[in-house]
Every structure is written in structure tokens, then in C-alpha cells.
Amino acid sequence: MTAAVEFHDVSRHFGKVRAVDGVSLSIAEGSFFAMLGPSGSGKTTCLRLISGFEQPSAGSIRIFGDDVSNTPPHLRNVNTVFQDYALFPHLNVRDNVAYGLMVKGIPRAKRYAKADEMLALVKLDGYGDRKPAQLSGGQRQRVALARALVNEPRVLLLDEPLGALDLKLREAMQDELKALQHKLGLTFVFVTHDQHEALSMADHLAVFNEGRIAQIGTPQDIYDRPATRFVADFVGSSNILPPALTRALGGPEAWASLRPEATRLAATGPFYGQVKTLRYLGSGTRVVLEANGTEIAALVPAGQPVPAEGDMTAIEFDPTALHLMGGA
Amino acid sequence: MRSDRPSLLLRVTATGGLLFLHLPILFIFLYAFTTEERTYQFPPPGLTTKWFAVAWARQDIWPPLYLSLQVAAIATLMAMILGTLAAAAMNRARFFGRDQLSLLIILPIALPGVITGMSLRSAFGIMDIPFSTWTIVLGHATFCIVIVYNNAVARMRRLSGGIMEASADLGANAFQTFRYILLPNLGSALLAGGMLAFALSFDEVIVTTFTAGQQSTLPIWMLNELVRPRQRPVTNVVAILVFAATFVPILAAYYLTRGGSETAGMGK
Amino acid sequence: MTAPATLPARGLADRLTSLFWRRPTLFLSLLVTPPLLWLGVVYLGSLAALLLQSFFSIDEFSGVVKEEFTLKTYAELFRAQNLDVIIRTVVMAAAVTLACAFLAFPIAYFAARYAKGPWKAAFYLGVMLPLWSSYLVKVYAWKLILAKEGVLTWAAEGTGTTFLIDGLLAVPGFEGSSLSTSPFGTFLVFVYIWLPYMILPMQAALERVPTSMLEASADLGATRGQTFWTVILPLALPGVIAGSIFTFSLTLGDYIIPQIIGDSSRFIGLTVYQLQGTAGNTPLAAAFAVVPILIMLVYLTLAKRAGAFDAL
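Residue numbers (the numbering used here), protein chains in the order written: chain A, 7 to 334; chain B, 840 to 1107; chain C, 426 to 737.
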């Protein structure tokens, strides 16, 4: 089976800045693929390389096996949900959604029928006559989605689509997007800087750092087995242990990560220290222990006893929880 | 406690300043109706509407009016094309010479009009170009470009840059994007710019005297009447016409662009 | 059924779009070339012609322009009568600029800080309309007002303040039979015509002063006066300088106002106009026209140092 999107050693340089630097990846058809990374890490540039708004300085990109080096954005059967939605302010919602069909020369009646169908799909039936300015942020987001889906693209690109929404709406939209992707069986490529969003929605993700892919894999892989310190630090809230500390905790002399939730507080354990800070998270309490200038965080699940600040205690953990990783 | 209300002094001076800007123009209207044609006697000894008929019948007013309209129309059209192209280029990513181009666009109105006029006059002299409608248009189009440019650039800056990409993303080629997305969003700003350019050109006298030779535009006709008056109220009738021909487009331009940061007019 | 991942070009428009996409520089040059050619050839070419012309000279006997390089014409600028013209113009421009700054401040400050909603729009239009409306008509309006038998004299007689006008006209340098023929009249009309050019940049600069900053100043115990001198004025200064570029430059080059209002003393603009017209001495006219360019270049350099261009 050919991959939906394939990058072969792709670079994009802006003058001296290497926004994307030798990226290779393959996105399987029908997957929900997330590109995760801090701002400036190259993830958005990668998305724009797929849509065609950027052209690679080196390397090649294939979409369903077609080399797209010479294909401008408007001839790529790939559509984008833009970060700021980029709805056309002078057109009403129906014309916005039907735009892709209009420029293909589909007659009015047919394209309006299809647009209304799309609006129903994103639960905006009856909003066709409104102007974008009359809609809420969440509704605009849905219009942007309907507009991008109307062309029946082979790949749907989403550029931080939920970034502008408030928390509650964002969570609702996450579920909806996931359901929609499942229903349509479409390949979604999704850019975000929010690790929770990436982990909960994607079936595969690539973590970007400084124009390169730091790690690529399933959410489980990335979370449990971060390949580098950067990934461990960026995804989740892992303890990052320098070689000496790893050794002191019973591992080999190498960098390692240790998830707070993999630890338990105990009377004795490999790390004994004073409770420095407590942070109540609702689902549990994050306890930071300090000894000799090093800190380790542990997670006490809700309902279990929590020590007081200043108490002395130890943590213990299953030796397999100690995950060794490379540098950087 | 400090109140956040303007002091009386500030209110009086601000209002006074605005009145100072507007009141003088009213006298132009008043003097068009005076019965006194040799002096500027105030208050007018009597009022009459006959000067409008006299002005209508004066054969020396019509050719300058036609010339002014013709020049303003051509200059505006050229400025709209060139100004829009320049704005579109400047709206794109940075390129070599961008700052120089923006300086070059602003220069014709940043330098005193007499310099633009004298420069063109020198060039016509050196190249032996005879004065014609086109020599006037050349000058007018040059300083009108920046008016259209300013309006277009401000609107483009306000438009979400994403909509052009969104259009391409949805399958529109460059021409479709221009027709269906750019033009509808830019249209009113261009129209406003065009109207302001028209008003500016129709009223221009400083550059025109250097590029017109023996031809007379309406402002040049007026200038001659001011220096060597005859039938002074007729000049007022023409002044009202010129005033209206600039006032109406300005007001229209304001309403076309209001609500944006780019409201027309800054940078005449 | 699956749609293809890429679509074929549908015609010339698609092919051209592809070309522009592959060669963005080509597209950019298509956009830039026409305005660049126009401004580069017509405008810069003319400025070059002006410069060239100023290095020519006129044959004193035949009155024919000699197209040979010489500095003779520039030397003529330093004759006493010509230096007079330059000094008079610069002094006038400076005086007009100062007066505009003083008059503009309350309007700009009120509009920036207190005018809200429809009042804001009214203030904006109130400044914009006089800025754009016909220049000649405005000058003409002042001719009516300042004339000996005109509005001002009538108003002065009515209020018994004729002595004020007479006193003004008795000041050395302001002499004239009425304000319409006095240099003070010239000054007054200059101020009136260029005032909006000072108000707008000043207002723009003042609008950028956050209200919170004024409140902070008051909070720290500053009086209104202290807030004005230490906070508002320094922050408004770039706007004042930006506005002064207009008022200064426009006064330097104007030749209509001194022709219609005042005692017919010569200014740079008027001199250029007369030299190229009736006198037929184009080289000297060109040399004279270079003077405001040089003055403005110095002025702009100073203004740029003061950060005035952010307010434009």
C-alpha cells in the first residue's frame, strides 16, 4: 500500500534558517497523524510543504505516490483547515463551503446541495446564510472544516485547528474530529504544540525539534519510551535523570526518564528526600522531593495520603520504569 | 480624585481649532451670491443668484473644466493600476529593494510640489517634449500613485493573509483568487483610493503650472482669476464647483473605508 | 472510487499559476516592473534632469541656455538677494511649523484622548475634510476674509478691535494696507492650510500613548502639568516631528500663497516659478529647486534620528 504522504530527506531553508532540515517520514493512509513540537520547530513548515505553500529546498515529497515537486497548491487534492480559519469575509457560510466546488465549475444547485450536506456533517445546518463575522469561534472552526472537506481531499491538513478555542470547546472538538476522521476514513495530518492534544487524538505522531524529527511513533511509544531528553521533557512531565542520578537509582550510567506516575511514595526507597512542593492536579497530587540539590517528582493518585511540605519521605518504582535514552 | 474629563481650556481650544479649519470655507459660498463684483466688501451689499447663470455662460470656463476632468480621469486610472501593482508587490514577502521602492512611491508627495513640477519641466525642456494633456497627466499620475497605494496596502494588511492561501488550497488558480477573493475584498479600498486620487488631481495647481505650458486646467483658470480678478463672484461659483468636486469623493472615500485602521486620507 | 492525489492543469490559467508558483520571483517582477519603471523613469529621471539643468547656465546676452557643465548658476544662489529669499523662506517655514504645532496640539490631544464613538468620527472628518478639500479654494477664502473691506475688518469694527489689526500691521516686517497684503497674512494662511498635516500625525502619536501610562503617572503623584511635560509631550514628540516634515516641506515649496496673500516678497517656490516662466532662466530655477531638497534631506536625517518615521 502506498503511503498517503511521504517525505524523502526534505529540507526547507529560509536564508540561513533551516526551518526543516532533512526530514523523512511516511504517513499511512487513513491514519490520524500529529506533528508535535514547540513553535519554530518546523512542524508548520512541514504541513505547508504538503499543501504546497512552501517548496522544499532539497528532497522530495510524494502524495499517494505522486511526486508533487511541480504541483502547485491548487492542483493538489489536499485541503487545509487554517489556524485562523481564513474564512472569506465577504462570502456567506454556504458560499464559503461551496467555494472549492465553484472554482471547479460545478453548477450552483449541485454545489449548494453538497455544501449543505457538509454543513450538516459538521452540525451547522441552517447556518448557510450567515456571514463568518456572525459566528462564534467554534462555529467558524466547523465552517473551515466543512469547507476543507467539500472537495473530498485525499489528505486533510489541520494547522493548530483548536488553538483558538476555549478548553471545554476544545475537548468537545477533539472527540468530534476523531469521530469524523473515523467516519470518513480520511488521512488527517494535524499540527499542534499541545502534547495532550497530540497524544489523545493521533494514532501516530512525530515530535519536531529544531527542524528535525526527534522521534516518530505511536503515542504510547513516545510517552513511555522517549528517544531523547527533548522528547521526554516536551511530552508529558517526566523526570529527566542525568547519568549519575540514574546510576544512584540503580540503573546504568546513562540519561534516563522516569514518569512521576510510575513512582510510589514509600518509607524507604532509592531516593530519599524532603517534600519541597505539592501541586494538586485534581486527578492526583504532584509531589516534588529534593535531596542534595536534585529533585524528583512523584504522582500520588487521588484518594491516597499526601505528605506535608517539609516531610521526609522516599520514592520507589519498578526498575523497568526507568527508561534509558539518547542525548540531545 | 482626578476626573477623566477634558478641561474647559482644552475643550475650547480644540473646538476653536476645528472651527478655524472650517469657517473660512463658508465665505466662499456666501460671496458667490454677493451683488458686489469689484471688491470683497463684507457684509455683501445685496444677494443675487445671477452669477451662476453668468458662470454658465462664460465660454472661458468650459475648456479648462473639460481638461481638468480628462486629466483627472486618466491620471486616476493610471495611478490605480500602478498603485495596486505596487501594493500587491509590497504585500508579498520581503525582497531586495523593497524599502527603496516604498521611498520612491512616497517621494513625489514628500518633496514639495514645486520640485516635482520643476523636475518635470526640466526633463521636458532637455528632451524637447512639447506641452500637452499628456505632460500634465504624467505629473498627476506620479503623485497620485501613492494615494491608491496607501489605501490598497492598508487594506491588504488588514485582510487575513490566509484567505489567499485558502483560495489556492481549495483549488482556485491565481486568476480565480484575484477575481473571487482579492477583488471583492480590495474593491472598496481601491475605489476610495481612486476617488481621493481624482480629487487630488482635479484640484492640483502647483505641479500643473509647470507641466501645462499654455493650457489651462480649472485650478489654473482660478489662479489667474485670483491674481487678475474680473467678475469676482464668478470665481466663487467655480470655487464651489471645485470644492464640491473634491469634497464629495473625500466623503465617499471615508465611508468606503471607515471602520478600518486604514481609513482613507492619511498621507496626502 | 478514489480521487487522484493531484489534478491535471485545466488550461492556460492553471499553467500560468503553476509557473508563478514555481518562479515566485518572476511573478513579483511582473508586479513590480510597471510602477518601478514609471517612478524610476518619469520621476527619478525628472529629478536627474533637474539636477542636470541646475549645472547649466544662461547666456546673459542672448538668454539662451548653455548646455555645458558649470557651477556658475549655483554661485548665483549666494548673491545677497537670492540668499535673502532662501533665509526668508526657511524662517517662514520654521515659524509656520511652530505655530501649527501649538494650534494642532489641543485638537490632536482632544481627538486622541477624549473623543469617543461618533465624536471620534466627527473629529476625524473635521480634520480630514479641510486637509483634502481644494487648496486653491481655501487660499481664496482667506483672500475674502483678510481683504481690507472684508470680513475681518468688519468684525474688528463691530467689536471695536480695529486697533489690534492696526497694531499688528504697524509691527516692523508686517507692514501692509491690510492683512491680505501683509507678510503676517501670508504666515496666517500658511498655518491654516498646513494645520491638518500637523494634527493627524500628532493624533496618531498621542493615540499610541496608553491611557494606563497617564494613570500610572497620576498614580505616582504627578500633577496634570507634570504628566504633560514629562509623559505626554515626550511621547507626542515623534508625531510632532512627523507633522513638521509636512508643514516645513510644504511651506518651503509653496508659491501660490505668497502670490495671492502678502506683500509679494519672494519665497523659494515663487522664485522658481518666476525664473522658469517669465524670466526664462531654467538653470537658476533648477538650482533654486535643489535648495529645498537639500534642506529637507538635512531635516529628514535629523527627524529620522528622533524616531519620527514610526509615526508616519
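The beta-carbon is built from N, C-alpha and C at its ideal position, and this holds for glycine as well.
Backbone CA spacing between residue i and residue j [nearest angstrom]
i, j, result
"A871/B", "L1039/B", "23 Å"
"R24/A", "R218/A", "9 Å"
"L904/B", "L1035/B", "18 Å"
"I357/A", "G856/B", "Given that chain A is displayed from residue 7 to residue 334, the structure contains no residue 357/A and the question cannot be resolved."
"Y499/C", "D484/C", "15 Å"
"L305/A", "F240/A", "18 Å"
"A581/C", "W567/C", "16 Å"
"A710/C", "T652/C", "49 Å"
"P459/C", "L924/B", "8 Å"
"L461/C", "R931/B", "16 Å"
"P232/A", "R117/A", "47 Å"
"P663/C", "L675/C", "19 Å"
"L916/B", "Q201/A", "54 Å"
"L639/C", "A537/C", "13 Å"
"V564/C", "T86/A", "58 Å"
"R996/B", "G46/A", "23 Å"
"G610/C", "L645/C", "46 Å"
"L569/C", "V576/C", "7 Å"
"L190/A", "V161/A", "11 Å"
"L451/C", "Q61/A", "16 Å"
Exposure of residue i, with buried meaning 16 or more beta-carbon neighbours within 10 Å
i, result
"P969/B", "exposed"
"V851/B", "exposed"
"V723/C", "exposed"
"E1064/B", "buried"
"A1103/B", "Residue confidence is low: A1103/B scores 45 on pLDDT, short of 50, so the model does not pin down where it sits. Its coordinate-derived value is still stated next. So A1103/B counts as buried."
"A104/A", "buried"
"I512/C", "exposed"
"A545/C", "In the sequence as presented, Ala is not what sits at residue 545/C; that position holds Lys. It counts as exposed."
"V521/C", "buried"
"S1100/B", "Any reading at S1100/B needs caution, since the residue's pLDDT is 44, under 50, leaving its predicted position unreliable; the model's value is listed next. It counts as exposed."
"N298/A", "exposed"
"W446/C", "buried"
"G257/A", "buried"
"D165/A", "buried"
Of the residues the options, the one placed nearest residue i, counting alpha carbons only
i, options, result
"F39/A", "L205/A, G316/A, A327/A", "L205/A"
"V84/A", "A320/A, A268/A, R54/A", "R54/A"
"L284/A", "M207/A, G316/A, G169/A, P62/A", "G316/A"
"L725/C", "P429/C, F673/C, P449/C", "F673/C"
"A250/A", "A273/A, E203/A, T300/A, G290/A", "T300/A"
"E203/A", "L186/A, K189/A, P225/A", "P225/A"
"S907/B", "V1087/B, P1068/B, Q1054/B", "Q1054/B"
"L943/B", "P543/C, L472/C, L571/C", "L472/C"
"Q478/C", "K497/C, V466/C, G465/C, F486/C", "K497/C"
"A896/B", "V1077/B, F1037/B, V1087/B, F1082/B", "V1077/B"
"K729/C", "T648/C, I670/C, M553/C, G601/C", "I670/C"
"L475/C", "A926/B, M919/B, Y879/B, V953/B", "V953/B"
"F88/A", "A273/A, D73/A, R148/A", "R148/A"
"E574/C", "L604/C, E600/C, P555/C, M553/C", "L604/C"
"Q1070/B", "R877/B, T981/B, P863/B", "R877/B"
"L1090/B", "L554/C, Q684/C, C525/C", "L554/C"
"R100/A", "K137/A, L81/A, K129/A", "K137/A"
For residue j and residue i, believed in contact at Cβ under 8 Å, the rounded distance
i, j, result
"T264/A", "F323/A", "Checking the sequence shown, residue 264/A turns out to be Leu, not Thr. Right, their Cβ atoms sit about 7 Å apart."
"A260/A", "H329/A", "Their Cβ separation, rounded to whole angstroms, is 10 Å, which puts A260/A and H329/A out of contact at 8 Å."
"V992/B", "M929/B", "6 Å"
"I900/B", "A894/B", "6 Å"
"L1029/B", "N990/B", "7 Å"
"D131/A", "N98/A", "Going by Cβ atoms, the distance from D131/A to N98/A rounds to 14 Å, so no, they are not a contact pair."
Beta-carbon neighbours of residue i, restricted to chain F and to distances below 9 Å
i, result
"D1042/B", "As a matter of chain content, chain F is missing from the structure shown, whose protein chains are A, B and C."
Could you say if the stretch 432-443 of chain C and the stretch 945-956 of chain B meet the contact criterion of at least three C-beta pairs nearer than 8 Å? At 8 Å Cβ cutoff, the stretches do not touch.
Do the stretch 106-124 of chain A and the stretch 1009-1026 of chain B make contact, defined as three or more Cβ pairs closer than 8 Å? As far as the Cβ criterion goes, the stretch 106-124 of chain A touches the stretch 1009-1026 of chain B, which means the pair count is three or higher.
On the three-pair Cβ rule with 8 Å, is the stretch 147-160 of chain A touching the stretch 115-124 of chain A? Here the stretch 147-160 of chain A makes contact with the stretch 115-124 of chain A; the two share three or more CB pairs at distances below 8 Å.
Taking contact to mean at least 3 C-beta pairs separated by less than 8 Å, is the stretch 1072-1091 of chain B in contact with the stretch 865-882 of chain B? These segments touch.
Within the chosen definition, does the stretch 698-718 of chain C reach the stretch 579-594 of chain C through at least 3 CB pairs nearer than 8 Å? Result no; under three Cβ-Cβ pairs closer than 8 Å.
Is the number of C-beta pairs between the stretch 88-102 of chain A and the stretch 29-36 of chain A that are closer than 8 Å three or more? Contact between the stretch 88-102 of chain A and the stretch 29-36 of chain A is absent, because fewer than three Cβ pairs lie under 8 Å.
Is there contact between the stretch 677-688 of chain C and the stretch 620-640 of chain C, where contact requires at least three CB pairs shorter than 8 Å? Contact between the stretch 677-688 of chain C and the stretch 620-640 of chain C is absent, because fewer than three Cβ pairs lie under 8 Å.
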